[in-house]
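Colleague: Please see the structure below; I have some questions.
2 protein chains.
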Amino acid sequence: MEIKLVKKVLEYHDAIAGEIREELTRRKLYAINIMSSPGAGKTTLLERTVRELVGELTIGVVEGDITTTNDADRIAKQGAYAVQVNTEPFGGDCHLGANMVQSAMAELPMDKLDLLIMENVGNLVCPAEFDIGEDDKVVVFSLTEGDDKPLKYPLMFRESSVCLVNKIDLAPYLDSDLATVRRNVGSVNPEITTFEFSAKTGEGFAAWLDWLRGKVKAKQQG
Amino acid sequence: MEIKLVKKVLEYHDAIAGEIREELTRRKLYAINIMSSPGAGKTTLLERTVRELVGELTIGVVEGDITTTNDADRIAKQGAYAVQVNTEPFGGDCHLGANMVQSAMAELPMDKLDLLIMENVGNLVCPAEFDIGEDDKVVVFSLTEGDDKPLKYPLMFRESSVCLVNKIDLAPYLDSDLATVRRNVGSVNPEITTFEFSAKTGEGFAAWLDWLRGKVKAKQQG
Numbered sequence: 125m126e127i128k129l130v131k132k133v134l135e136y137h138d139a140i141a142g143e144i145r146e147e148l149t150r151r152k153l154y155a156i157n158i159m160s161s162p163g164a165g166k167t168t169l170l171e172r173t174v175r176e177l178v179g180e181l182t183i184g185v186v187e188g189d190i191t192t193t194n195d196a197d198r199i200a201k202q203g204a205y206a207v208q209v210n211t212e213p214f215g216g217d218c219h220l221g222a223n224m225v226q227s228a229m230a231e232l233p234m235d236k237l238d239l240l241i242m243e244n245v246g247n248l249v250c251p252a253e254f255d256i257g258e259d260d261k262v263v264v265f266s267l268t269e270g271d272d273k274p275l276k277y278p279l280m281f282r283e284s285s286v287c288l289v290n291k292i293d294l295a296p297y298l299d300s301d302l303a304t305v306r307r308n309v310g311s312v313n314p315e316i317t318t319f320e321f322s323a324k325t326g327e328g329f330a331a332w333l334d335w336l337r338g339k340v341k342a343k344q345q346g
Numbered sequence: 125m126e127i128k129l130v131k132k133v134l135e136y137h138d139a140i141a142g143e144i145r146e147e148l149t150r151r152k153l154y155a156i157n158i159m160s161s162p163g164a165g166k167t168t169l170l171e172r173t174v175r176e177l178v179g180e181l182t183i184g185v186v187e188g189d190i191t192t193t194n195d196a197d198r199i200a201k202q203g204a205y206a207v208q209v210n211t212e213p214f215g216g217d218c219h220l221g222a223n224m225v226q227s228a229m230a231e232l233p234m235d236k237l238d239l240l241i242m243e244n245v246g247n248l249v250c251p252a253e254f255d256i257g258e259d260d261k262v263v264v265f266s267l268t269e270g271d272d273k274p275l276k277y278p279l280m281f282r283e284s285s286v287c288l289v290n291k292i293d294l295a296p297y298l299d300s301d302l303a304t305v306r307r308n309v310g311s312v313n314p315e316i317t318t319f320e321f322s323a324k325t326g327e328g329f330a331a332w333l334d335w336l337r338g339k340v341k342a343k344q345q346g
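Going down the list, the protein sequences come from chains X and E.
The opening position of the first sequence corresponds to residue 125 in my numbering, with each subsequent residue numbered one higher.
The opening position of the second sequence corresponds to residue 125 in my numbering, with each subsequent residue numbered one higher.
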């Protein structure tokens, strides 16, 4: 009985994710779902992404957090349309749900957007299990977290098509090793596209922006 | 109907947590539940804790991970009895459950132990919601995660009686500020006991060990 109910809830979420995906296809609008541990630097990398692309692309951001509106405020300052989703009214959910994303999209000027970014709740486990209608799942992983994390949280790395390795400016002060990170990410998901950068200093950031521009263009050209 | 079922599952878990608590009381054995984001340094701090206390106390560790046995291996090398719990067979659960802890305790030489440490799955959200029979919940937070995390993940900091701020050796290279961390932790939970240290260098570690010794002793003296 329990299994049936869980299945029903998942079917409801998948149906909404399907609606989101249809809308994005109709609009030729590319969308990414950005996921990571708390503190891997998702918001800082979004700030820089928006700041560097704002002249070329109109960007909408759905900011997922359990509580607070800090992140939407930070992103809006950089020139994107940002909507905060707090999961606290949804029982403090540890991930974005398709229903929450759909409500947030109703608050965004969807007609104007070239790129939609969904920033998930900081959590390296649960968000990987939920489809929210995105084109690509992106996992952000900071070098400070230790090079073994891809092995310990494999589902997140398996479900993602892109891995962003952040905080490489701290490499000289850490025991984590970039070569080991690459090997561990590759062993869990050999197909994943990886970019290594510091969202703080900007080192290595251009390649990620170019990849994103390419994806936006490809979707627009259908 | 869904609410009833969830309630039943929680009641089942709470009943087992109650059994664990009774056993710990009977044995006068102090137990902590250590929680954090992935990569905050739980295992490194446990390695040092075990290494520095191993002559005085006999320590048992329940290591929670979704997959891999790396952590139990690391801890056992320092001289503790360590049992790995993988949540993958339990559906990849993002937290330890009381049932898993009880199974792991059956593998430990409980008669000999002076201290029981449960290292939870790396996750700053879900583990805070589950009682596993511990005396104290301990949240580990690394300075690299950003000083706003206590505000964004308040439940974890509210449920914990101790906050360990780790990786203070990296402070010179980070924008995060220890004074802001203290203020944010205090605003969410004014009653929490905080220790600041680097588990890597050992700076500030003695105060945490003294606190732990005191708790072990207090429980033994009943």
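From the three backbone atoms N, C-alpha and C, an ideal C-beta is built for every residue, glycine too.
Given the structure is predicted, the values throughout are model-derived calculations rather than measurements.
How is X:I190 classed by DSSP in three states: helix, strand or coil?
Modeller: Working through the first sequence from its first residue, we reach residue 190 of chain X at position 66. Note: X:I190 maps to coil in three-state DSSP.
Colleague: Leaving out five residues before and five after E:L333 in sequence, what residues of the same chain have Cβ atoms less than 8 Å from its Cβ?
Modeller: Here residue 333 of chain E is taken as the residue at index 209 of the second sequence, counted from 1. So the qualifying residues of the chain are T173, E176 and L177.
Colleague: Give me, in chain order, the residues of the same chain whose beta-carbon lies closer than 7 Å to that of X:N346; leave out the 5 immediate sequence neighbours on both sides.
Modeller: The residue given as residue 346 of chain X occupies position 222 in the first sequence. First, the amino acid is wrong: residue 346 of chain X is Gly here, not Asn. Excluding positions up to five away in sequence, the list reads K152.
Colleague: What residue range does the beta strand (DSSP E) around X:S266 cover?
Modeller: Position 142 of the first sequence holds residue 266 of chain X. From DSSP, the beta strand (DSSP E) with X:S266 extends over D260 to S266.
Colleague: Which parts of the region 166–235 of chain E are runs of the alpha helix (DSSP H), unbroken and 4 residues or longer, counting only runs that do not cross its ends?
Modeller: Fully contained in the region 166–235 of chain E are the following alpha helix (DSSP H) runs of length 4 or more, in chain order: 166–177, 194–201 and 222–229.
Colleague: Do E:I158 and X:Y277 have their CB atoms nearer than 8 Å?
Modeller: Within the second sequence, residue 158 of chain E is the residue found at index 34, counting from 1. Within the first sequence, residue 277 of chain X is the residue found at index 153, counting from 1. Their beta carbons are not under 8 Å apart, which means E:I158 does not touch X:Y277 by this criterion.
Colleague: Classify X:T211: buried if its beta carbon has 16 or more other beta carbons within 10 angstroms, exposed otherwise.
Modeller: Stepping through the first sequence from its first residue, residue 211 of chain X is reached at position 87. Under this definition X:T211 is a buried residue.
Colleague: Can you give the Cα-Cα distance for X:M125 and X:D217, rounded to whole angstroms?
Modeller: Translated into the one-based positions of the first sequence, residue 125 of chain X becomes position 1. Translated into the one-based positions of the first sequence, residue 217 of chain X becomes position 93. Confidence is the limiting factor: at X:M125 the pLDDT is only 40, short of 50, which leaves the residue's position unreliable, though a coordinate-based value still follows. In a straight line, the C-alpha of X:M125 is about 23 Å away from that of X:D217.
Colleague: Tell whether a beta-carbon distance below 8 Å holds between X:L401 and X:I241.
Modeller: Residue coverage of chain X in this structure runs from 125 to 346, which leaves residue 401 of chain X outside it and unanswerable.
Colleague: Compare the C-beta of X:D260 with all C-beta atoms of chain E and state if any pair is closer than 8 Å.
Modeller: Here residue 260 of chain X corresponds to residue number 136 of the first sequence, with the count starting at 1. It does not: the Cβ of X:D260 has no partner Cβ on chain E nearer than 8 Å.
Colleague: Under 8 Å, do E:F319 and E:L288 count as touching if we go by C-beta distance?
Modeller: On the second sequence, residue 319 of chain E is found 195 positions in, with the first residue counted as 1. On the second sequence, residue 288 of chain E is found 164 positions in, with the first residue counted as 1. With respect to E:L288, E:F319 sits close: the two C-beta atoms are nearer than 8 Å.
Colleague: Is the CB of X:D138 under 8 Å away from at least one CB in chain E?
Modeller: Counted from its first residue, the first sequence places residue 138 of chain X at position 14. Chain E, which has no Cβ nearer than 8 Å to the Cβ of X:D138, makes this no.
Colleague: Taking C-beta pairs closer than 7 Å, name the residues in chain X that E:D189 reaches, listed in chain order.
Modeller: Locating residue 189 of chain E in the second sequence gives position 65, counting from the first residue. Think of a sphere of 7 Å around the beta carbon of E:D189: the chain X residues whose beta carbon falls inside it are K276, in chain order.
Colleague: In the DSSP assignment, what are the bridge partners of X:A155?
Modeller: As a working note, residue 155 of chain X is residue 31 in the first sequence. Paired residues: X:L240.
Colleague: Interface residues of chain X around E:G179 at Cβ under 8 Å?
Modeller: Counted from its first residue, the second sequence places residue 179 of chain E at position 55. The contacting residues do not exist; E:G179 stays about 26 Å from chain X at best.
Colleague: At a cut of 8 Å, does the region 254–268 of chain X reach the region 191–200 of chain X through at least three beta carbon pairs?
Modeller: no
Colleague: Applying the criterion that 16 or more other CB atoms from any shown protein chain within 10 Å of the CB defines a buried residue, is X:A342 buried or exposed?
Modeller: In the first sequence, residue 342 of chain X corresponds to position 218, counting from 1. Exposed, since its Cβ has fewer than 16 Cβ neighbours within 10 Å.
Colleague: Would DSSP call E:V245 helix, strand or coil?
Modeller: Numbered from 1 along the second sequence, position 121 holds the residue referred to as residue 245 of chain E. Coil, per DSSP.
Colleague: Would you call the region 222–239 of chain E in contact with the region 295–305 of chain X, where contact means no fewer than 3 C-beta pairs closer than 8 Å?
Modeller: no
Colleague: List the whole-angstrom C-beta distance separating X:V286 from X:A228, where the pair is believed to meet the contact cut-off of C-beta under 8 Å.
Modeller: To locate residue 286 of chain X, count along the first sequence from 1; it is residue 162. To locate residue 228 of chain X, count along the first sequence from 1; it is residue 104. With 8 Å as the limit, X:V286 and X:A228 do not qualify as a contact, their Cβ atoms being about 22 Å apart.
Colleague: Which same chain residues end up closer than 7 Å to E:T182 when comparing Cβ atoms and leaving out the 5 residues on each side of it in sequence?
Modeller: Here residue 182 of chain E refers to the residue found at position 58 when the second sequence is read from its first residue. Apart from sequence neighbours up to five positions away, the residues of its chain that approach E:T182 with a beta-carbon distance below 7 Å are K236, L237 and D238, ordered along the chain.
Colleague: Would a C-beta distance cut-off of 8 Å place X:L248 and X:L267 closer than the cut-off?
Modeller: As a working mapping, residue 248 of chain X is identified with position 124 in the first sequence. As a working mapping, residue 267 of chain X is identified with position 143 in the first sequence. Cβ distance not < 8 Å, so X:L248 and X:L267 don't count as in contact.
Colleague: Could you give the first and the last residue of the continuous beta strand (DSSP E) run that contains E:F319?
Modeller: Along the second sequence, read from residue 1 onward, the residue named residue 319 of chain E stands at position 195. Element bounds for E:F319: T317 to E320.
Colleague: Can you give the beta carbon distance from X:G163 to E:G270, rounded, assuming they're within the 8 Å contact cut?
Modeller: Taking the first residue of the first sequence as position 1, residue 163 of chain X is located at position 39. Taking the first residue of the second sequence as position 1, residue 270 of chain E is located at position 146. Indeed, because the Cβ distance is near 5 Å, the residues count as touching under 8 Å.
Colleague: Kindly list the residues whose CB is nearer than 6 Å to the CB of E:F214, restricted to its own chain and excluding five residues on each side of it in sequence; keep chain order.
Modeller: Within the second sequence, residue 214 of chain E is the residue found at index 90, counting from 1. None.
Colleague: Rank E:T317, E:G165, E:K339 and E:G310 by C-alpha distance to the C-alpha of E:K324 and give the top, closest one.
Modeller: As a first step, residue 324 of chain E is located in the second sequence; it is residue number 200 there, counting from the start. For the residues E:T317, E:G165, E:K339 and E:G310, the minimum Cα distance to E:K324 belongs to E:G165.
Colleague: Would you mind telling me which residues of chain X sit closer than 7 Å to E:K273, beta carbon to beta carbon, in chain order?
Modeller: In the second sequence, residue 273 of chain E corresponds to position 149, counting from 1. Ordered by position in chain X, the residues that pass the 7 Å Cβ test against E:K273 are P162 and G163.
Colleague: Find out if the Cβ-Cβ distance for the pair X:F265, X:H219 is shorter than 8 Å.
Modeller: Here residue 265 of chain X refers to the residue found at position 141 when the first sequence is read from its first residue. Here residue 219 of chain X refers to the residue found at position 95 when the first sequence is read from its first residue. No. Outside cutoff.
Colleague: Thinking C-alpha only, which one of E:Y154, E:P251 and E:Q202 is nearest E:S161?
Modeller: Sequence index remark: in the second sequence, residue 161 of chain E carries index 37 (1-based). Comparing Cα positions, the closest option is E:P251.
Colleague: Using alpha carbons as the reference points, say which of X:V133, X:K273, X:G246 and X:A206 lies closest to X:V309.
Modeller: For the purposes of this step, residue 309 of chain X is taken as residue 185 along the first sequence, with counting starting at 1. Of the candidates X:V133, X:K273, X:G246 and X:A206, the residue whose Cα lies closest to the Cα of X:V309 is X:K273.
Colleague: Evaluate E:A206 with the Cβ neighbour count: other Cβ atoms within 10 Å of its Cβ, from every protein chain shown; 16 or more gives buried, anything less gives exposed.
Modeller: Within the second sequence, residue 206 of chain E is the residue found at index 82, counting from 1. So E:A206 counts as buried.
Colleague: Within 8 Å of any Cβ in chain E, is that where the Cβ of X:N194 sits?
Modeller: Looking up residue 194 of chain X in the first sequence gives position 70. By this cut-off, X:N194 is an interface position.
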